[in-house]
Amino acid sequence: MSLNIVVCVKQVANPDYFSEITLDPETGAIQREKVPSILNPVDENAIEEALRLREKHSGKVTAISMGPPQAKEVLDWALTLGADEAILLSDRAFAAGDTLATAYVLAAGIKAICPVDVIFCGNEAADGATQQVGPQIAELLGYPHVSNVKELMVSENKAAIITRIIEYGHLKMEANLPILVSVSREINQPRTATAEGIFSLMDKVFREWRLEDIAVDEKNIGLEGSPTRVGKVYEQKIERQRVILEGTPEEMVDTAIEKLRQEALI
Ligand SMILES: Cc1cc2nc3c(=O)[nH]c(=O)nc-3n(C[C@H](O)[C@H](O)[C@H](O)COP(=O)(O)OP(=O)(O)OC[C@H]3O[C@@H](n4cnc5c(N)ncnc54)[C@H](O)[C@@H]3O)c2cc1C
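Numbering (our numbering), first residue to last: 381 to 646.
Given below as structure tokens:
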């Protein structure tokens, strides 16, 4: 059984440098010039699971990303790890889209390589973190969607047997392909790149698609096509009041309780 597998990967600001992100005090624009970009961490797990599925059943893994030209870096990484092909959806017309506009462009890119059996996404992006893009792509394609996936098997009759994490336990589910799954970090331990993988990059298929290369209605893309708008971006100021308690430990505990009561915190 050969599977056509897609994995959605996003380039994000490295969370280790989030403290370097500042806001323009005048415009509220996010300034992240000093912050390096990386592959969204859980998307590494999505790539790994896509590769394992192909290794088990045969087929093809295509990595896809919507973003500026530099997002090619995360696709190159996916190809180095073992993906067969990569597609970058990049056009000024796609920029500044909200999650639905992003999902719409990604769904259009995926439609161009359909029929697809399994689409992998990460559970959430480290920066935007809405967890919306995966479910929205699935809705737009009419596929079932399962989030928080920690185990996936595909049977010979093309049914997916899935374990998803829920509060206080796990849920076992079965669904027919095609399907979109959003994976959690628990699903696997991603592999590291090999020298062979790095050298193979030159032979891999990389496509960059612009607006005119995919079937999209311009009314649904970019800022204009986004049903949600950022109202205001501001830095939250956290006021702290420093109080030094004095006396014996018992007296300090009593004072602390009294102060917390006065502030209606307990
Ligand atoms: C009104 C509005 C305006 C915005 N304007 C801008 C802007 O000007 N510039 C900007 O950079 N962002 C902008 N964004 C943010 C942008 O919409 C999100 O970064 C994007 O939709 C992904 O959402 P998320 O980060 O919450 O991903 P999540 O939904 O948390 O991501 C889950 C998974 O979906 C997949 N995924 C998500 N995004 C992509 C992608 N681009 N390519 C491939 N796979 C993906 C990955 O597998 C990821 O693990 C805006 C958002 C809003 C609401």
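Even for Gly, the Cβ is constructed at its ideal location relative to N, Cα and C.
Residue i Cβ short of 7 Å to ligand 1 heavy atom set
i    : result
Q450 : no
S606 : yes
N420 : yes
L640 : no
I444 : yes
A463 : no
G477 : yes
G502 : yes
G514 : yes
L459 : no
D423 : yes
R609 : yes
Distance CB(residue i)-CB(residue j) smaller than 8 Å
i    : j    : result
I559 : P515 : no
F586 : L455 : yes
L581 : V498 : no
V441 : I385 : yes
G477 : L640 : no
L431 : L461 : yes
Enclosing beta strand (DSSP E) for residue i [first to last residue]
i    : result
M533 : 525-534
R587 : 585-589
T543 : 539-546
G514 : Here G514 belongs to no beta strand (DSSP E); instead the alpha helix (DSSP H) covers 513-521.
I467 : 465-469
Three-way DSSP call (helix, strand, coil) for residue i in this model
i    : result
Q450 : helix
K491 : helix
I578 : helix
E619 : coil
E406 : coil
K436 : helix
I418 : strand
E504 : coil
T442 : strand
Q642 : helix
A430 : helix
K390 : coil
Inset, instruction - Specify whether the region 424-443 and the region 398-416 touch according to this definition: at least 3 beta carbon pairs, one from each stretch, less than 8 Å apart. - result: Touching, no, given that fewer than three Cβ pairs across the two stretches are closer than 8 Å.
Inset, instruction - Could you tell me whether the region 442-450 touches the region 467-483, using the rule of 3 or more Cβ pairs below 8 Å? - result: These segments touch.
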